[in-house]
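> Numbering that gives the first Met the number 0 applies: residue 0 is where the sequence shown begins, and numbers increase by one.
Ideal Cβ placement from N, Cα and C applies to all residues, glycine included.
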Amino acid sequence: MHEIQRNWWEEQFSYMHKLLVCFTLAVPLFLGVAVSLYRIFSSYLNILGCIISVLTACSPSFWIIKHFSRKSTIAKSTIAVLCIEIYSTAAFIISRNIIKDESGVFHLLSYILTIQLQLPLIRSKIFANILFLKHVLLWYFFDTIFGSLKFPINIELFAAIFAIIIVFNIWNSYRSKFINEYFMLKKELECSKDQFKLITQAFSDGILILSENHKVEFCSSSMHRFLESNNGSLFWEISKYEYCEGKKFSGFPTSNILIDDIDYAFEVLDDEEISLGVTLIGDIYIEWKGKIVAWETKRALFLVARDINLILELEKSAANDRMKTVLLRSVSHELRTPLNSIDFFVNDILEKRPKSDYESEVEKLKIISVSSKLMLSLINDLLDYSKIIAGVFSVHKCYCNIRNIIENTCSLIKIQASKKKISLLTRIDPFLPELIYTDQLRLSQIILNLLSNALKFTKEGWIEICCWLSLKNKLKISIKDTGIGISKEIKRKLFSEFNSPFISSINPQGCGLGLCISNFLAIKLGKKAIKVKSKLRKGSFFMFSIDISPLNTFPEVGTSSKINSENENSAHIDIQRYSFQSSYRNYDILIVDDNELNRMVLGSIISQQHWTYEEACNGKDAVNKFLSHNSKANLCKIVIMDCEMPEMSGIEAASQIIKYHKEGIIEKLPKIIGYSAYSSEEDRKECIRSGMVDYMIKPSPAEEIIRIIKKHLN
């Protein structure tokens, strides 16, 4: 507080000092004019004496004040008070020579003016009172000695003078109070501005306050550092920045230029904060945010520029970590599915070998063989992906038989296709050479991934694989199905989702790795990506081409579209269309799983215990079975529900069944047991929260599955 008072006094003194400088210049001028008007009433000698007195008094005073203007405050104060005393003396001389009759009154006014000029220059109240008393005594004694103060005194004149003095002092008191308050507010404002500058300089974010007429009201050092410009060129620097592609967040109907959004913000924003977007300045990504504020009684836009390079790096790192977690989780799910069937059927053969017939063992061994190859394919995909990430992937070409490749690959999914009542058709161009030059393992990998994908999303109908030679000696292979189809949104990111750093989820049918790897391999073998044509509920068509000759040794042919029906290999199976309204048979257990092998394993275990069961291929299919069952008896006693399925997951299906039971649509509620390859505690809790009564992990030993089923059947 003392510091503020000292600053206030110094500012007041500075004001008075400037006033005195002006006063020393103005007094000779005004007195000269007054003397010129008065000279017709006085002698020239008196006039000359007045002028000499005034100039003698004022001229040195002006020089002294100017000379001490850069000295200390105390020195300037002392000199100023002395100069005012000189003015008072000059006034006394003038009054004695010009206004003799009323010199007493003139002296009084002179002393009052002198006091008013001196008091603002004095900080000590004691010295101020002494100075005031001195002027009163001087006025009284001088006028008494020189006889200018006559009695009786003109009462009216003195009353008017004292009234003026009282009014002047009252006004001066209020003026001083007002000046003091104004000064305090001014100091508070300056202090606030200094604190604001100090805070903004400590910020790593850039701060810019821009008026509606594009005047820079304030700019922090961080903003100067970002833009590498001064206040004069700051606006022009901002006006050339554009948002990064897809990084305009404001939603304003303006162009992709930052300054257009700034202008539009003045029109539509009130006091809310809005994120405008991200621009690239050099190698720094800057996020801009804005808010309308009141700045010195006018509207301004408060802009904040933040360096988000580190945030983007952290988000990218976090996304990569999430992707790795999802990848391992999904691959674990995919690997456990064939492993489950291998484990079960191998144990089944070993336990029943002495009393089993040969044909049954062969069928089970086929399933084991297929499951092993499928698991090997998944492992190959995983290994290839790691090689691609490491940048060490390479292909190894050799001469191989394309017909054998297609036949062996189709045999891997034939069992599952038969179980789903899906026809598997193969069409091979007769003009194909017996041997082709390519990477046999990678080609088989592409075909198997595309066939598995087609089988996974085809409920009924057929899957067709065609192979022919193009006019440019390229081997073209297409896979067509009558499945559920692919939407435009999913099709756009079908092969790129796994490469995205912003991946949020993975298809519950798998990790999405197979299609990404297949597309990468197709580019490596044929220099072109896989082409996709698909419509929802109309099926899908995948096609790719590969180079098959190192030296163009194969002759070109006139047509490659001819299909030889004699070479057509069709594993055709009649399709049975299920109608849920036509049968109301009750059974013990409903197996709900999108994977044929998992349903086969569970079905085999259940059959050995002489329990009856029915199958559903996904959660939606299971819910429909309950909705279509119009018998008052239970549809089933137990539901074994896979948790991750297309169309409707097991969690969603369980919630729907329980909801319909509460609404009275489903009469009796079965006991739902979760069955998933995911083994975390969170997965178990999620199943229980959905209404399931128990949880099993794939693969589980047959004894454990039987124990849990018996527990809930009883």
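What residues are listed by DSSP as bridge partners for I111?
Counting from one through the sequence shown, the residue named residue 111 turns up at place 112. In the DSSP output, where bridge partners are listed per residue, I111 has none listed.
> Between which residues of its own chain and G602 is the CB-CB distance below 8 Å, once the five residues before and five after are set aside?
Along the sequence shown, read from residue 1 onward, the residue named residue 602 stands at position 603. Cβ neighbours of G602 beyond the five flanking positions: I590, Y612, E614.
> Could you check what DSSP says for L240 in three-state terms: helix, strand or coil?
For the purposes of this step, residue 240 is identified with residue 241 of the sequence shown, where counting begins at 1. Sequence check: residue 240 is Tyr here, not Leu. Coil at Y240, not helix or strand.
> Count the other CB atoms, across all protein chains shown, that sit within 10 Å of the CB of Q200; report buried if there are 16 or more and exposed otherwise.
Position 201 of the sequence shown, counted from the first residue, corresponds to residue 200. The residue in question, Q200, is exposed, as its Cβ has fewer than 16 Cβ neighbours within 10 Å.
> When the Cα atoms are used, what is the spatial distance from I427 to F541?
Counting from one through the sequence shown, the residue named residue 427 turns up at place 428. Counting from one through the sequence shown, the residue named residue 541 turns up at place 542. Going by the C-alpha atoms only, they are around 16 Å apart.
> Mark Y198 as exposed unless 16 or more other C-beta atoms lie within 10 angstroms of its C-beta, in which case mark it buried.
Counted from its first residue, the sequence shown places residue 198 at position 199. The sequence given here places Ile at residue 198; Tyr does not occur at that position. Burial call: exposed.
> If we ignore side chains and look at the alpha-carbon of each, how far apart do R305 and M222 end up?
Within the sequence shown, numbered from 1, the residue matching residue 305 stands at position 306. Within the sequence shown, numbered from 1, the residue matching residue 222 stands at position 223. Distance between the alpha carbons of R305 and M222: 9 Å.
> Determine the direct distance from the alpha carbon of S548 to that of V394, and round the result to whole angstroms.
As a first step, residue 394 is located in the sequence shown; it is residue number 395 there, counting from the start. As a first step, residue 548 is located in the sequence shown; it is residue number 549 there, counting from the start. Approximately 15 Å, taken between the alpha carbons.
> Taking just the CA atoms, how far does L512 sit from A570?
Along the sequence shown, read from residue 1 onward, the residue named residue 570 stands at position 571. Along the sequence shown, read from residue 1 onward, the residue named residue 512 stands at position 513. Confidence in A570 is poor, its pLDDT being 37 and thus under 50, which makes the residue's placement too unreliable to answer from.
> Going straight from the alpha carbon of E236 to that of I206, what length do you get?
Reading the sequence shown from its first residue, position 237 is the one you call residue 236. Reading the sequence shown from its first residue, position 207 is the one you call residue 206. For E236 and I206, the distance between alpha carbons rounds to 15 Å.
> Can you give, in chain order, each stretch of the beta strand (DSSP E) that sits fully within the region 440-491 and has at least 3 residues?
460-468, 473-480
> Starting from F543, trace the beta strand (DSSP E) in both directions and tell me its first and last residue.
As a working note, residue 543 is residue 544 in the sequence shown. That run of the beta strand (DSSP E) goes 538-546.
> Take S274 and list the residues in its own chain whose beta-carbon comes closer than 6 Å to its own, dropping the five residues that flank it on each side.
Indexing the sequence shown from 1 puts residue 274 at position 275. So the qualifying residues of the chain are F248, K288.
> Could you spell out the range, first to last residue, of the beta strand (DSSP E) harbouring T425?
The sequence position of residue 425 within the sequence shown is 426, counting from 1. Counting along the chain, the beta strand (DSSP E) containing T425 begins and ends at 421-427.
> State the beta-bridge partners of K293 as determined by DSSP.
Stepping through the sequence shown from its first residue, residue 293 is reached at position 294. Residue identity check: residue 293 is Ala in the sequence provided, not Lys. Paired residue(s): R298.
> State the DSSP-derived secondary structure class of A528, mapped to helix, strand or coil.
Numbered from 1 along the sequence shown, position 529 holds the residue referred to as residue 528. It is coil, neither helix nor strand.
> Which partner residues does L589 have in the DSSP bridge list?
The sequence position of residue 589 within the sequence shown is 590, counting from 1. DSSP lists E613, V638 as partners of L589.
> Just to confirm before moving on: does the CB-CB distance between I462 and T425 stay below 7 Å?
Within the sequence shown, residue 462 is the residue found at index 463, counting from 1. Within the sequence shown, residue 425 is the residue found at index 426, counting from 1. For I462 and T425, no; Cβs fall outside 7 Å.
> Is it a yes or a no for the region 407-426 touching the region 437-450, going by three-plus beta-carbon pairs under 8 Å?
yes
> On a Cα-Cα basis, can you pick out the residue from F519, S699, K418, A453 that is closest to M599?
Working through the sequence shown from its first residue, we reach residue 599 at position 600. Per the Cα distances, K418.
> Measuring alpha carbon to alpha carbon, tell me which residue in L447, L474, I483 is nearest E459.
Within the sequence shown, residue 459 is the residue found at index 460, counting from 1. It is I483 whose Cα lies nearest to the Cα of E459.
> Should N308 go down as buried or exposed, given a rule of 16 or more other Cβ atoms within 10 Å for buried?
Locating residue 308 in the sequence shown gives position 309, where the first residue counts as 1. Classification for N308: exposed.
> Just to confirm the assignment: which complete beta strand (DSSP E) runs, minimum length 3, are found wholly within the region 189-227?
205-210, 215-218
> Taking buried to mean at least 16 other C-beta atoms within 10 Å of its own C-beta, is Q415 buried or exposed?
Taking the sequence shown and counting its residues from 1, one reaches residue 415 at position 416. So Q415 ends up on the buried side.
> Go ahead and label A537 buried or exposed: buried means 16 or more other beta carbons lie within 10 angstroms of its beta carbon, across all protein chains shown.
Residue 537 sits at position 538 when you count from the first residue of the sequence shown. A quick correction: the sequence has Lys, not Ala, at residue 537. It counts as exposed.
> Determine the direct distance from the alpha carbon of E211 to that of F265, and round the result to whole angstroms.
Reading the sequence shown from its first residue, position 266 is the one you call residue 265. Reading the sequence shown from its first residue, position 212 is the one you call residue 211. If I take the Cα positions, the gap works out to 7 Å.
> Touch check for the region 279-295 and the region 182-196: three-plus C-beta pairs under 8 Å?
no
> When the distance is taken between beta carbons, is Y659 closer than 7 Å to I650?
Taking the first residue of the sequence shown as position 1, residue 650 is located at position 651. Taking the first residue of the sequence shown as position 1, residue 659 is located at position 660. Not in contact: I650 and Y659 (Cβ atoms no closer than 7 Å).
> Between D438, V369, L381, I637, which has its C-alpha nearest M691's C-alpha?
Counting from 1 along the sequence shown, the entry for residue 691 is found at position 692. Answer by Cα proximity: I637.
> How about I208 and A299: do their beta carbons lie closer than 7 Å?
Position 209 of the sequence shown, counted from the start, is the residue given in the question as residue 208. Position 300 of the sequence shown, counted from the start, is the residue given in the question as residue 299. Yes, Cβ-Cβ distance for I208 and A299 is below 7 Å.
> For A453, count neighbouring C-beta atoms within 10 Å of its own C-beta (all shown protein chains included) and say buried if the count is 16 or more, exposed if not.
As a working note, residue 453 is residue 454 in the sequence shown. Looking at its Cβ environment, which holds 16 or more other Cβ atoms inside 10 Å, A453 is buried.
> Any idea which residues DSSP pairs T437 with across the strands?
As a first step, residue 437 must be located in the sequence shown, where it is residue number 438. For T437, which the question treats as bridged, DSSP gives the partners C397.
> Within 7 Å (strictly less), CB to CB, does T88 reach chain C?
In the displayed structure, chain C is absent; only one protein chain is listed.
> Between I671 and the rest of its own chain, which residues show a CB-CB distance below 6 Å, the 5 nearest in sequence each way excluded?
The sequence position of residue 671 within the sequence shown is 672, counting from 1. Closer than 6 Å at the Cβ level, and outside the excluded window around I671, lie V638, M640, A653, M691.
> List the whole-angstrom C-beta distance separating T457 from C399, where the pair is believed to meet the contact cut-off of C-beta under 8 Å.
Along the sequence shown, one-based indexing puts residue 457 at 458. Along the sequence shown, one-based indexing puts residue 399 at 400. With a Cβ gap of about 28 Å, T457 and C399 do not count as contacting.
> To the nearest angstrom, how far is the alpha carbon of C515 from that of S451?
For this step, residue 515 is matched to residue 516 along the sequence shown. For this step, residue 451 is matched to residue 452 along the sequence shown. Each residue's alpha carbon lies about 14 Å from the other.
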